[in-house]
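Per this note's numbering, the sequence shown starts with residue 77, numbered consecutively. The beta-carbon is built from N, C-alpha and C at its ideal position, and this holds for glycine as well. Here's the structure we're looking at; comments come further down.
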Amino acid sequence: MQLKEVLDKYPQSEDYLIEILMDYQKHKMHHDLTEDELKTIATHLNIKESKVSSVVTFYSLFSLKPKGQHVIQVCHDVPCHVNNQPDVLSTLKTMLAIDIGQTTDDKMFTLEYTSCLGACDKAPAMRIGEKTFTKLTPNKIKAIIAEYRGRKHA
Ligand code: FES
């Protein structure tokens, strides 16, 4: 989706800045926002570019750095941690050959921590994009990653 299409969906008001940023970023393959895009948004809303930049840098859900096509967020809160989250994490790190905060060389996956995903009763849990996976085991993770790799061009 083009930036103009997103901007046209919202009233031309600063009140919609965060919604616009979230909406646009989720449509980008690498989940990032560029300086040019921030400038375009600022101009459209008739606000200072520094205002847009400060919002983007304040909230961790926004990124100025390209991420992998699929962002894997591993829950690191206590209920998951005591339910084998360390095994989940080490399986992911080994399979993807990256650490938390890194992106695979083929730009397919980025690995991140997240707080509770609301699935504590089915811990350990992780999210890829908008999908939450629960009761994770190393074998389940291998199958999930293989499935995502299989639909590389989807
Ligand atoms: S603590 Fe991990 S889903 Fe709630």
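Cα-Cα separation, residue i to residue j
i: Tyr92; j: Met98; result: 10 Å
i: Asp181; j: Ala222; result: 16 Å
i: Met77; j: Phe209; result: 27 Å
i: His146; j: Thr186; result: 6 Å
i: Val158; j: Phe134; result: 31 Å
i: Val131; j: Ile96; result: 12 Å
i: Val150; j: Asn215; result: 16 Å
i: Asn122; j: Glu81; result: 17 Å
i: Asp112; j: Lys104; result: 14 Å
i: Gln171; j: Ile220; result: In the sequence under discussion, the amino acid at residue 171 is Met, which differs from the Gln named in the question. Taking the straight line from one Cα to the other gives about 11 Å.
i: Gln161; j: Ile174; result: 17 Å
Span of the beta strand (DSSP E), counted from its first residue to its last, around residue i
i: Met171; result: No beta strand (DSSP E) holds Met171; the alpha helix (DSSP H) holding it covers Gln161 to Leu172.
Which of helix, strand or coil DSSP assigns to residue i
i: Met98; result: helix
i: Ile217; result: helix
i: Phe134; result: helix
i: His103; result: helix
i: Ile117; result: helix
i: Lys207; result: strand
i: Cys151; result: strand
i: Leu193; result: coil
i: Leu140; result: coil
i: Leu187; result: strand
CB-CB length for residue i against residue j, believed under 8 Å
i: His120; j: Leu83; result: 5 Å
i: Thr190; j: Arg203; result: 7 Å
i: Glu125; j: Leu114; result: 6 Å
i: Lys183; j: His106; result: 7 Å
i: Thr179; j: Lys143; result: 6 Å
Candidates the options: closest to residue i by CA position
i: Lys102; options: Gly205, Ser129, Arg227 and Lys211; result: Gly205
i: Lys198; options: Lys216, Met105 and Pro155; result: Pro155
i: Leu137; options: Ser166, Ser89, Ala201 and Tyr100; result: Tyr100
Bounding residues of the alpha helix (DSSP H) (the contiguous stretch that carries residue i)
i: Glu81; result: Leu79 to Lys85
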